[in-house]
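Engineer:
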């Protein structure tokens with residue numbers, strides 16, 4: 008006897024309000040509820056928001072169909088009003104302003120139980136692998152160009168009304184731990200919190216997840232940001248309750264493996280005007296009972312761009328463009344109507360790449376690639392993974408050679424289309440001293456996938472330790488697009504599989 012699966016009706020504001028009210032009303036659903044703290048000081052909030060933009064020294068002129076590139080107030084679900092938040096998420100507006108230049112000053116300022124704006128004027132280095140707790144009613148923002156937090160991350164534990172803007176968060180990656188199994192800290196971790204706005208930030212080479220939104224957090228927006236050169240980018244869920252509300256818009260995902268994003272148990276997920284380029288596992292996945300709308304977004308060279316992961320999850324796309332994608336392009340039909348919750352005007356899909364190339368990420372942040380990118384796990388290189396080096400080369404306007412210092416690199420990089428002529432060579436000249444390794448069946452992914460022509464690999468070892476008979480094709484050390492791949496002093500442990508994996 009078969010049982011038909013009935014898709015749930017699209018969520019209305021009333022239905023979603025009831026769900027959110029139930030979650031907020033009792034700690035039994037979500038654990039510790041957000042503390043009831045005083046709202047930001049009264050005053051002219053829009054004027055305070057404009058003044059903060061001036062303090063940040065960011066351009067207030069550029070705008071799109073969806074509004075200002077540097078919006079003074081929160082957009083998407085983070086901009087929806089809440090109790091004592093008539094303007095939505097405003098962070099520390101109306102409170103004191105603190106400039107933090109040391110880890111000690113920063114930790115004290117963001118943990119203060121009163122409305123606070125914390126300005127970061129340059130590079131702020133945290134003890135490696137630490138995550139700093141952020142209190143409610145806090146704004147953390149980079150002042151001017153080049154503001155960054157290095158070596159650690161931010162944790163939002165059962166708080167509300169937090170804004171994080173104009174910051175790069177980088178380099179808490181533990182060399183050799185590409186899977187994030189030994190390094191369980193994130194760039195930003197949001198737990199059981201509401202009204203959080205992450206805007207114009209950049210995330211690269213971090214520990215486990217770049218941004219995790221967990222345990223019934225609601226009213227969250229990620230906008231005008233960049234996720235790049237990482238395994239796990241944007242994870243949502245870690246709960247049995249489908250109450251999270253999330254907007255992700257005008258955000259770039261580049262050379263990332265999975266969770267772009269992984270949208271689990273989300274009552275309403277609205278993803279629009281995003282640019283996905285180079286995902287080797289999957290792009291946008293609706294999981295659990297997640298309800299996801301993907302609107303006017305671009306997917307380039309993405310494996311499994313849209314996935315319905317579970318029978319109760321729903322994912323719908325409208326106005327998206329798919330270039331060089333393969334695998335799952337799921338569309339289960341209508342999910343949510345964003346107009347039930349907030350106003351927006353998605354920019355045309357053909358404007359997504361130009362807009363995000365110019366405006367995504369922190370103000371005036373420019374990625375610069377040397378002619379030779381050195382990979383080393385002891386901190387002496389430009390990056391600590393081959394995967395990250397390939398991302399740098401892919402986005403570079405000029406040819407790049409990748410040189411890899413001795414070591415064992417457990418990861419699954421892909422050489423994306425457009426990298427014709429790339430050279431990756433072992434620095435020592437001894438193949439046995441530079442090992443790229445993984446242990447997955449070929450139908451999952453090879454240790455190295457080559458989707459460009461005229462690529463040269465020199466003086467290194469590539470292996471796939473998945474248990475399979477040699478020559479069976481089940482354990483691909485390298486899967487390559489065509490017969491122009493040059494192997495010079497390369498030791499293979501596993502199969503060399505010829506053929507386009509996108510077919």
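Residue numbers (our numbering): 8 to 510.
From the three backbone atoms N, C-alpha and C, an ideal C-beta is built for every residue, glycine too.
Using three-state DSSP, classify residue 397 as helix, strand or coil.
Structural biologist: It is helical.
Engineer: Please state whether DSSP places residue 228 in a helix, a strand or coil.
Structural biologist: Strand.
Engineer: Beta carbon of residue 389: closer than 7 Å to some heavy atom of the ligand GTP?
Structural biologist: Within the structure as shown, the ligand GTP is missing, as the structure has no ligands at all.
Engineer: Mind listing, in chain order, the continuous alpha helix (DSSP H) runs of no fewer than 4 residues lying wholly within the segment 374-439?
Structural biologist: Those alpha helix (DSSP H) runs which fall completely within the segment 374-439 and span 4+ residues are 393-402.
Engineer: If we count Cβ pairs, one from each stretch, closer than 8 Å, do we get three or more for the segment 130-137 versus the segment 76-90?
Structural biologist: Touching, no, given that fewer than three Cβ pairs across the two stretches are closer than 8 Å.
Engineer: Quick check on residue 43: does DSSP put it in helix, strand or coil?
Structural biologist: Note on residue 43: pLDDT 37, under 50, position unreliable in the model; the coordinate value appears next. Here residue 43 sits in coil by DSSP.
Engineer: Could you tell me if residue 256 is buried or exposed, where buried requires 16 or more neighbouring beta carbons within 10 angstroms of its beta carbon?
Structural biologist: Residue 256 is buried by the Cβ-count criterion.
Engineer: Mapping DSSP to helix, strand and coil, what is residue 149?
Structural biologist: Here residue 149 sits in strand by DSSP.
Engineer: When DSSP labels each residue in this structure, what does residue 12 get in the three-state scheme?
Structural biologist: Below a pLDDT of 50, predicted positions are generally treated as unreliable, and residue 12, at 33, falls in that range; the measurement from the model is reported next regardless. Coil.
Engineer: On the criterion of 16 or more Cβ atoms from any shown chain inside 10 Å, does residue 38 qualify as buried, or is it exposed?
Structural biologist: Reliability fails at residue 38, whose pLDDT of 33 lies under 50, so the model's placement of it is uncertain and no value is given.
Engineer: Would you grab the beta carbon distance between residue 389 and residue 404 for me? Rounded to a whole angstrom, and I think it's under 8 Å.
Structural biologist: Not a contact, Cβ separation roughly 17 Å.
Engineer: If we ignore side chains and look at the alpha-carbon of each, how far apart do residue 476 and residue 186 end up?
Structural biologist: About 26 Å.
Engineer: Let's test the definition: count the other Cβ atoms within 10 Å of the Cβ of residue 418 and tell me whether it reaches 16, buried, or not, exposed.
Structural biologist: Its Cβ being crowded by 16 or more others within 10 Å, residue 418 is buried.
Engineer: Should residue 127 go down as buried or exposed, given a rule of 16 or more other Cβ atoms within 10 Å for buried?
Structural biologist: Answer is buried; the Cβ neighbour count reaches 16.
Engineer: For residue 436, count the other beta carbons within 10 Å of its own beta carbon; 16 or more makes it buried, fewer makes it exposed. Which is it?
Structural biologist: The residue in question, residue 436, is exposed, as its Cβ has fewer than 16 Cβ neighbours within 10 Å.
Engineer: In the DSSP assignment, find the beta strand (DSSP E) that holds residue 103 and state where it starts and stops.
Structural biologist: Element bounds for residue 103: 103-106.
Engineer: When the Cα of residue 391 is compared with those of 326, 282, 179 and 243, which residue comes out closest?
Structural biologist: When only C-alpha atoms are compared, the closest one is 179.
Engineer: I'd like the list of long-range same chain contacts for residue 470, defined as Cβ closer than 6 Å, with 5 residues on each side in sequence excluded.
Structural biologist: The residues are 444, 484, 500 and 501.
Engineer: Taking the straight line between their C-alpha atoms, what separation do you get for residue 281 and residue 143?
Structural biologist: Distance between the alpha carbons of residue 281 and residue 143 is about 29 Å.
Engineer: Three or more C-beta pairs under 8 Å: does that hold for the segment 445-465 against the segment 490-510?
Structural biologist: Yes, the segment 445-465 touches the segment 490-510.
Engineer: Taking the straight line between their C-alpha atoms, what separation do you get for residue 269 and residue 219?
Structural biologist: Going from the Cα of residue 269 to the Cα of residue 219 covers about 10 Å.
Engineer: In or out: residue 56 buried (at least 16 other Cβ within 10 Å) or exposed?
Structural biologist: It is buried - the Cβ of residue 56 has at least 16 other Cβ atoms within 10 Å.
Engineer: For residue 117, which three-state DSSP category applies?
Structural biologist: Helix, per DSSP.
Engineer: With residue 196 and residue 162 assumed to form a contact (beta carbons below 8 Å), what rounded beta-carbon distance in angstroms separates them?
Structural biologist: Confirmed, Cβ separation roughly 5 Å.
Engineer: Is the beta carbon of residue 369 closer than 8 Å to that of residue 248?
Structural biologist: The answer is no: Cβ separation not under 8 Å.
Engineer: On a CA-only basis, which of 110, 125 and 106 is nearest residue 100? Give me that one, please.
Structural biologist: Comparing Cα-Cα distances from residue 100 to each of 110, 125 and 106, the minimum goes to 125.
Engineer: Can you give the Cα-Cα distance for residue 183 and residue 504, rounded to whole angstroms?
Structural biologist: Answer to the nearest angstrom: the Cα atoms are 25 Å apart.
Engineer: What are the boundary residues of the beta strand (DSSP E) that residue 441 is part of?
Structural biologist: Start and end: 441-445.
Engineer: Please name the residue, chosen from 228, 510, 298 and 481, that lies closest to residue 344 on a Cα-to-Cα basis.
Structural biologist: The residue with the shortest Cα to Cα distance from residue 344 is 298.
Engineer: Tell me where the alpha helix (DSSP H) around residue 53 begins and ends.
Structural biologist: Taken as a continuous stretch (DSSP letters only), the alpha helix (DSSP H) holding residue 53 covers 52-63.
Engineer: Residue 209: buried (16+ other C-beta within 10 angstroms of its C-beta) or exposed?
Structural biologist: The residue in question, residue 209, is buried, as its Cβ has 16 or more Cβ neighbours within 10 Å.
Engineer: Measure the C-alpha to C-alpha separation of residue 77 and residue 339 and round it to an integer number of angstroms.
Structural biologist: Looking at the two C-alpha atoms, the distance is approximately 34 Å.
Engineer: Would DSSP call residue 256 helix, strand or coil?
Structural biologist: Of the three classes helix, strand and coil, the one that applies to residue 256 here is strand, per DSSP.
Engineer: What number of angstroms, rounded off, separates the C-alpha of residue 312 from the C-alpha of residue 333?
Structural biologist: Between residue 312 and residue 333, the C-alpha separation is close to 7 Å.
Engineer: Out of 346, 420, 81 and 290, which one is the CA nearest neighbour of residue 322?
Structural biologist: Ranking 346, 420, 81 and 290 by Cα distance to residue 322 puts 290 first.
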